[in-house]
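The sequence shown begins at 621 in the working numbering and counts up by one. Glycine included, C-beta positions come from ideal geometry on N, C-alpha and C. Just so we're clear, the structure is a prediction, and the values are computed from it rather than from any experiment. The structure under discussion appears below in the form of structure tokens.
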Amino acid sequence: MSGVVSELTIARSNWLEYEDPATTREVVVAGVPIGGVHPVVIAGPCAVESYEQTLSAARAVAAAGGRLLRGGAFKPRTSPYSFQGLGSEGLEILRAVSRETGLGVVTEVQDPRLVEQVAETADMLQVGSRSMQNFPLLVEAGKAGRPVLLKRGFSATLDEWLCAAEYMAREGCLDIVLCERGVRRSAYWNEARSELDLEVIGPARRATPLPVIGDPSHATGDWRRVEAASLEALRAGAHGLLIEVLPPSMERADLRCDPLQGVSADTLQRIMNFARDYRVPEPQGDEAIAAGADS
Ligand code: PEP
Ligand code: MN
Numbered sequence: 621m622s623g624v625v626s627e628l629t630i631a632r633s634n635w636l637e638y639e640d641p642a643t644t645r646e647v648v649v650a651g652v653p654i655g656g657v658h659p660v661v662i663a664g665p666c667a668v669e670s671y672e673q674t675l676s677a678a679r680a681v682a683a684a685g686g687r688l689l690r691g692g693a694f695k696p697r698t699s700p701y702s703f704q705g706l707g708s709e710g711l712e713i714l715r716a717v718s719r720e721t722g723l724g725v726v727t728e729v730q731d732p733r734l735v736e737q738v739a740e741t742a743d744m745l746q747v748g749s750r751s752m753q754n755f756p757l758l759v760e761a762g763k764a765g766r767p768v769l770l771k772r773g774f775s776a777t778l779d780e781w782l783c784a785a786e787y788m789a790r791e792g793c794l795d796i797v798l799c800e801r802g803v804r805r806s807a808y809w810n811e812a813r814s815e816l817d818l819e820v821i822g823p824a825r826r827a828t829p830l831p832v833i834g835d836p837s838h839a840t841g842d843w844r845r846v847e848a849a850s851l852e853a854l855r856a857g858a859h860g861l862l863i864e865v866l867p868p869s870m871e872r873a874d875l876r877c878d879p880l881q882g883v884s885a886d887t888l889q890r891i892m893n894f895a896r897d898y899r900v901p902e903p904q905g906d907e908a909i910a911a912g913a914d915s
């Protein structure tokens, strides 16, 4: 392990009880343990756009056997003119849909000043790819008393990702789930803007006992590629998946955020069926890779 990583609270070498690289520290979100033998699928719309749209997606998630709903009330958008999410109204919708369906809520926080507010609704805070090195945000998220899903920046090294997690760990938050969401590639068209970096999953698991999940939706940007990428992520050792779902009540073209990557309810069901019967394998990859040759 690199000099930087071995100093971290979250380094596996600092957790005697997790000395064996096959072991993982479970993170419990709304009663659902992430990091156990079976993968956990967190699913839902990209953004909370309305009560009906979110409820429709949430019902598809619950029907497929899911217990955790994703959906952004605050959306990081490349253009300031794009839909930015419904904000506080989106949080209210998430609470209402959670009451209606019993699903736990995973939702993004971008602004350090809003962490407390988002944490009132979220069973798990999401720190997005673009925010991975927003250090004041990480500090506030680490103080919020909620588990955090930390996405890897799309060009972040393993050391940078783990140091970002450490910003939260040193505030007392050890309930962190790492999420690999794809790296940038030289796409000619928007839908293929990223691809899963499967090779980071094993080294991340070896370097720390935190659970690691994969996000095949943002990594592929294309609903037709999400199922295959989901299985690849699980085979690479992911403890779960973060998946965007097309709300059955909506036409793809009417969605205001990431319309091309949400999977149908049927595809979600197939992925969930696969995940339910799957046993998370031991972390792959050479220990030398986990040593962080990049630091
Ligand atoms: C998301 O999950 O809604 C999202 C914006 O993802 P990322 O931060 O990985 O781009
Ligand atoms: Mn999205």
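Rounded to a whole number of angstroms, what is the C-alpha to C-alpha distance between residue i and residue j?
i, j, result
"Ser837", "Asp640", "31 Å"
"Ser915", "Glu627", "Reliability of the predicted coordinates at Ser915 is poor, the pLDDT of 41 falling under 50, and the value obtained from them is presented with this limitation in mind. Whole-angstrom Cα-Cα distance: 13 Å."
"Ile654", "Gly860", "7 Å"
"Ser676", "Ser749", "26 Å"
"Arg772", "Arg801", "6 Å"
"Val632", "Tyr701", "Rather than Val, the amino acid found at residue 632 in this sequence is Arg. Their Cα atoms are separated by approximately 43 Å."
"Pro687", "Leu745", "Reading off the sequence, residue 687 comes out as Arg, not Pro. Taking the straight line from one Cα to the other gives about 16 Å."
"Gly912", "Asp779", "Bear in mind that the predicted position of Gly912 carries a pLDDT of just 47, short of 50, making it unreliable; the figure below should be weighed with that in mind. So the two alpha carbons sit approximately 7 Å from each other."
"Ala908", "Ser718", "At Ala908, the pLDDT of 47 sits below 50, so the modelled position is not reliable; the number obtained from the coordinates is stated separately. Their backbone Cα atoms lie some 43 Å apart in a straight line."
"Val652", "Thr828", "21 Å"
"Ala650", "Ser699", "33 Å"
"Val900", "Glu736", "33 Å"
"Val738", "Gly707", "9 Å"
"Gly792", "Ala764", "9 Å"
"Ala910", "Ile863", "Low confidence applies here, because Ala910 scores a pLDDT of 47, under 50, leaving its location unreliable and the question unanswered by this model."
Less than 7 Å separating the Cβ of residue i from some heavy atom of the ligand MN?
i, result
"Glu864", "yes"
"Cys799", "no"
"Val817", "Correcting the residue type first, residue 817 is Asp in the shown sequence and not Val. Asp817: no, Cβ never under 7 Å from the ligand MN."
"Asp878", "yes"
"Cys666", "yes"
"His838", "yes"
Is residue i near the ligand PEP, in the sense that its beta carbon is under 7 Å from a heavy atom of that ligand?
i, result
"Asp874", "no"
"Pro696", "yes"
"Ser945", "Any question about residue 945 goes unanswered here, given that the chain covers just 621 to 915."
"Glu791", "no"
"Glu728", "yes"
"Gly748", "yes"
"Gly857", "no"
"Gly692", "yes"
"Asp743", "no"
"Lys763", "no"
"Asp731", "no"
"Asp835", "yes"
Quick one: complete beta strand (DSSP E) runs, 3+ long, within the stretch 654 to 722? Runs of the beta strand (DSSP E) inside the stretch 654 to 722: 660 to 664 and 688 to 690.
Hey, which unbroken runs of the beta strand (DSSP E) at 3 residues or more fall wholly within the stretch 842 to 900? The qualifying runs are 860 to 864.
Output the residue ranges of the alpha helix (DSSP H) runs that lie fully inside the stretch 761 to 818 and measure 4 residues or longer, sorted by chain position. The alpha helix (DSSP H) runs of length 4 or more contained entirely in the stretch 761 to 818 are, from start to end of the chain, 778 to 789.
Check whether the stretch 667 to 674 touches the stretch 817 to 833, counting contact only when three or more Cβ pairs, one atom from each stretch, lie closer than 8 Å. Not touching, per the Cβ criterion.
Using 8 Å as the Cβ pair cut-off and three pairs as the minimum, do the stretch 774 to 788 and the stretch 721 to 733 touch? Counting C-beta pairs closer than 8 Å gives fewer than three between the stretch 774 to 788 and the stretch 721 to 733, which falls short of the contact rule.
Is it true that the stretch 886 to 904 meets the stretch 836 to 851, where meeting means three or more beta-carbon pairs spaced less than 8 Å apart? Segment contact: the stretch 886 to 904 against the stretch 836 to 851, three or more CB-CB distances shorter than 8 Å; contact assigned.
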